[in-house]
Amino acid sequence: MATKVLNYIPKESFIHGLSGTTKLIIFLTFSVLCGLSFDTRVLLFLLLLSFIGFSLSNIRLSEIRLMSTFLIIFLVMNFILLFLFNPEYGPELYGSRTVLFHLFGRYDVTMEQMFYQFNVSLKYVIGFPIAILFISTTNPSEFASSLSQIGVPYRISYSVSLALRYIPDIQQDYHEIAQSQEARGVALGKDVKFFERLKNSAKILLPLVLTSLNRIDDISNSMQLRSFGKHKKRTWFTKKKMTAADYSVIAFCIILFVVGMIITNQGGNNLYNPFVR
Amino acid sequence: MKNDSVKKVVATGIGAALFFVLARFVAIPSGIPNTNITFQYAIQAVFAVLYGPVVGCLSGFIGHVLCDMSWGGVWWSWAFATAVYGLVVGLFAKKINVKDGYFAKKEISTFVLANLLANAVAWLLIAPVGDIVIYKEDAKLVFTQGLVAGLGDFLFAVVLGGLLLFGYSKTVAKTGSLDKE
């Protein structure tokens with residue numbers, strides 16, 4: 002069981018120096034734009050920007066090797082799956098069909114299908130450096146204050162902060178419960194029958210749920226003793242002051258979003274279609 | 303502010319942390335290739351029943367988004383589906399009286415019904431439609447994926463969630479369980 006996942010890597014860099022709020026805005030702009038747009042030009046530009054951002058952060062590739070490996074495996078599997086499931090989807094989407102070569106049975110490799118799958122893969126790749134950038138350069142406790150600053154109610158922001166705080170503890174709980182149940186003969190391995198395995202899982206989950214419920218009581222009691230929720234607003238210890246760099250990056254994000262959306266919707270839908278003239 | 307609402311804030315956070323840990327680290331092979339027994343939806347269902355629709359919805363959504371981020375990319379359409387799943391199960395919370403120590407025939411059938419409805423809405427409506435609108439995926443592919451995911455989650459949430467709620471109900475003293483002598 003890996004120990005650290007949402008891995009904050011403290012360093013000195015331009016990206017680290019930005020306030021968490023700015024980084025959250027960057028993350029959301031990229032996510033939304035990349036989600037809404039299927040325009041190859043916009044996507045390629047976003048990809049370029051996300052690599053520039055990544056190189057500005059001083060994060061070394063060796064620090065994220067595990068995640069990159071998973072991404073590549075996922076991309077390859079998804080590419081194959083998309084093709085096997087429906088090789089004619091691209092031509093249908095773009096309204097033309099240019100066969101490159103015939104594979105077997107109903108499988109023709111067409112330009113349109115390859116272009117469609119290229120776009121889909123592009124969407125995954127763009128999200129990756131940005132998400133990594135966000136989690137590895139933002140202090141988890143600053144995350145909650147950033148959420149509340151962009152307008153998320155502070156109770157919800159506080160829930161997020163609690164979640165981040167208690168993930169390692171609950172991981173530890175799970176580990177301990179699973180080991181002590183295993184010591185008592187509750188097995189989950191491959192040689193156990195399916196329904197037996199399901200029943201045994203419940204034997205691990207129930208203590209986990211019960212300890213978590215106790216934990217909820219403890220935390221909410223102590224929060225109440227400290228008058229949590231008395232006022233309509235609250236302040237955050239970890240809030241960073243916005244600087245000129247923050248404001249210019251936010252302005253850039255807004256322009257990027259507007260221009261990106263205009264280019265995307267030029268042709269009446271969000272596709273960039275090089276096949277029809 | 304009443305104790306109840308502080309408790310909901312905490313339950314959302316802890317529920318999200320549980321969802322994250324179970325979704326991220328715990329994979330028990332189900333025996334069918336490439337399919338794991340998923341625990342997170344069972345836990346989300348339990349939290350939705352115990353704390354209501356808002357906690358069910360937000361704990362799942364936060365847990366899902368954090369988990370996706372730890373892999374390096376958020377799949378929004380499925381994150382929203384998770385949120386809706388918790389919301390729908392939570393809407394039945396008042397009818398499932400497990401906090402008073404009851405989880406018998408009536409509660410179990412309500413729980414199964416709630417899960418059936420919630421999974422259908424989440425995985426046959428929200429997730430595939432989101433995939434088509436946001437990611438322009440092939441309709442046939444996403445509905446197949448939604449059907450597989452929905453069936454699996456339904457099975458695990460009902461069986462595991464049911465066992466958990468049953469176990470929980472045994473730890474609570476039933477209302478009116480004292481007799482006058």
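Chains as they are written, first to last, in the working numbering: chain E, 2 to 278; chain P, 303 to 483. Glycine included, each C-beta is placed from N, C-alpha and C at the ideal position. From a predicted model like this one, the values you see are computed outputs, not experimental measurements.
In the structure shown, LEU94(E) falls within a helical segment according to DSSP collapsed to helix, strand and coil. Here the alpha carbons of TYR117(E) and ALA424(P) stand approximately 26 Å from one another. The DSSP-derived three-state label of HIS366(P) is helix.
In the DSSP assignment, PHE276(E) falls outside any beta strand (DSSP E) and carries neither an H nor an E. Remark: fewer than three beta-carbon pairs, one from each stretch, lie closer than 8 Å, so the segment 23-35 of chain E and the segment 162-180 of chain E are not flagged as touching. If one requires a minimum length of 3 residues, no beta strand (DSSP E) run lies completely within the segment 393-457 of chain P.
Between THR384(P) and GLY365(P), the CB-CB gap stays under 9 Å.
With contact defined as three or more Cβ pairs closer than 8 Å, the segment 137-152 of chain E and the segment 339-348 of chain P are not in contact. A distance below 8 Å between beta-carbons, with the five flanking residues on each side excluded, links PRO130(E) to the following residues of its chain, in chain order: SER51, PHE52, GLY54 and PHE55.
For PHE84(E), no beta strand (DSSP E) encloses it; the enclosing alpha helix (DSSP H) starts and ends at 66-86. With fewer than 16 other Cβ atoms inside 10 Å of its own Cβ, TYR108(E) counts as exposed. For GLY392(P), the CB contacts under 6 Å within the same chain, skipping 5 residues up- and downstream, are ALA350, GLY354, PRO355 and GLY358 in chain order. A Cβ-Cβ separation of about 42 Å leaves GLN114(E) out of contact with PRO141(E) under the 8 Å criterion. Within the same chain, LEU83 come within 7 Å of VAL121(E) by CB-CB distance, once the 5 residues on both sides are set aside. Ranked by Cα distance from ALA245(E), the options ARG227(E), ASN8(E) and PHE15(E) are led by PHE15(E).
In this structure the segment 405-418 of chain P does not lie against the segment 427-447 of chain P, because fewer than three pairs of beta carbons, one per stretch, are closer than 8 Å.
With its beta carbon at least 9 Å from every one in chain P, VAL110(E) lies outside the interface. LEU465, LEU466, GLY469, TYR470 and THR473: these are the residues of the segment 463-478 of chain P whose beta carbon lies less than 8 Å from some beta carbon of chain E, given in chain order. Here GLY152(E) is exposed. Its C-beta has fewer than 16 other C-beta atoms within 10 Å. If you draw a straight line from the Cα of TYR387(P) to the Cα of VAL431(P), it comes to about 15 Å. The C-beta distance from SER137(E) to ILE10(E) rounds to 5 Å, short enough to meet the 8 Å contact threshold. For ILE339(P), the closest Cβ of chain E is nearer than 9 Å.
Distance between PHE322(P) and LEU368(P), taken at the CA atoms: about 7 Å. Straight across, the Cα-Cα distance linking ILE127(E) with GLN172(E) is about 30 Å. At a cut-off of 9 Å between C-beta atoms, TYR437(P) counts as an interface residue with respect to chain E. Between the beta-carbon of GLY469(P) and that of ASN421(P) there is about 22 Å, and that puts the pair past the 8 Å contact cut.
For HIS176(E) and CYS254(E), the gap between their C-alpha atoms comes out near 42 Å. Residues of the segment 27-54 of chain E with a C-beta less than 8 Å from any C-beta of chain P: SER32, GLY36, LEU37 and PHE39, listed in chain order. Unbroken alpha helix (DSSP H) stretches of 4 residues or longer found wholly inside the segment 173-252 of chain E: 195-226, given in chain order. For the segment 66-96 of chain E, the set of positions with a beta-carbon nearer than 9 Å to some beta-carbon of chain P reads MET68, SER69, PHE71, LEU72, PHE75, LEU82, LEU83, PHE86, ASN87, TYR90, GLU93 and LEU94 in chain order.
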